[in-house]
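Below is one structure; the comments refer to it alone.
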Amino acid sequence: MSYSVDPAAPDAAYLSFWRERHLCTLTTPRPDGSPHVVPVGVTYDPGAGLARVIANKASMKVAHVLAAGPDGARVAVCQVAGRRWATLEGRARVRTEPERIAEAERRYAERYERTPSPNPARVVIEIELERAMGRG
């Protein structure tokens, strides 16, 4: 059985699952290649082909993405609730443009029903989606 999903055109159940409030994980590669997995809030924007994670610019997840260089880091975000699960994979880059951060904060507030606290050190990790899988 295949659990492959088109990240640009998910079915209604898969998209609905990504709109529910769930804690997620982000997996980034450390310089030695081992996985670094941390809890995060994620928003999924299939129209733009992006998943977004707001972060502090001094965090290890940001450092790992930056260390991958200008082509970005191959990463995955995942969420699970009972038998439902979903993973989005792609290339992550750190964005510092105020309008990109504001859009990520807006989407975070919508999904998680709370506005993130102001943080002048905030950046957004944007993941250009290449693959999706799961069972929403």
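Numbering-wise, the working numbering puts 32 at position 44 of the sequence shown, and it's gapless, one number per residue. Ideal placement from N, C-alpha and C gives every residue a C-beta, glycine not left out. Predicted model only: the values in this text are computed from it and were never measured.
Assigned secondary structure, residue i (DSSP; H/G/I helix, E/B strand, else coil)
i: A61; result: strand
i: Y96; result: helix
i: Y2; result: helix
i: A39; result: strand
Continuous alpha helix (DSSP H) stretch holding residue i: start and end
i: E85; result: No alpha helix (DSSP H) holds E85; DSSP gives it neither H nor E.
i: V112; result: Looking at the DSSP string, V112 is not in any alpha helix (DSSP H); the run it does join, the beta strand (DSSP E), is R110 to R123.
i: H52; result: M48 to A55
Closer than 8 Å to chain C by CB, residue i
i: R40; result: The displayed structure is made up of one protein chain only, and chain C is not part of it.
Buried or exposed (CB count within 10 angstroms, at least 16 for buried), residue i
i: E98; result: exposed
i: T84; result: exposed
i: E118; result: exposed
Candidates the options: closest to residue i by CA position
i: R71; options: A(-3), V41 and F5; result: F5
i: K49; options: E116, D59, H24 and G37; result: H24
(request) Could you say if the region 29 to 43 and the region -1 to 16 meet the contact criterion of at least three C-beta pairs nearer than 8 Å? (result) Here the region 29 to 43 lies against the region -1 to 16, with 3 or more beta-carbon pairs under 8 Å apart.
(request) Would you check if there are 3 or more beta carbon pairs closer than 8 Å linking the region 49 to 61 to the region -8 to 0? (result) No, because fewer than three Cβ pairs between the region 49 to 61 and the region -8 to 0 fall closer than 8 Å, the two stretches do not touch.
(request) Specify whether the region 94 to 110 and the region 59 to 73 touch according to this definition: at least 3 beta carbon pairs, one from each stretch, less than 8 Å apart. (result) No: fewer than three Cβ pairs fall under 8 Å.
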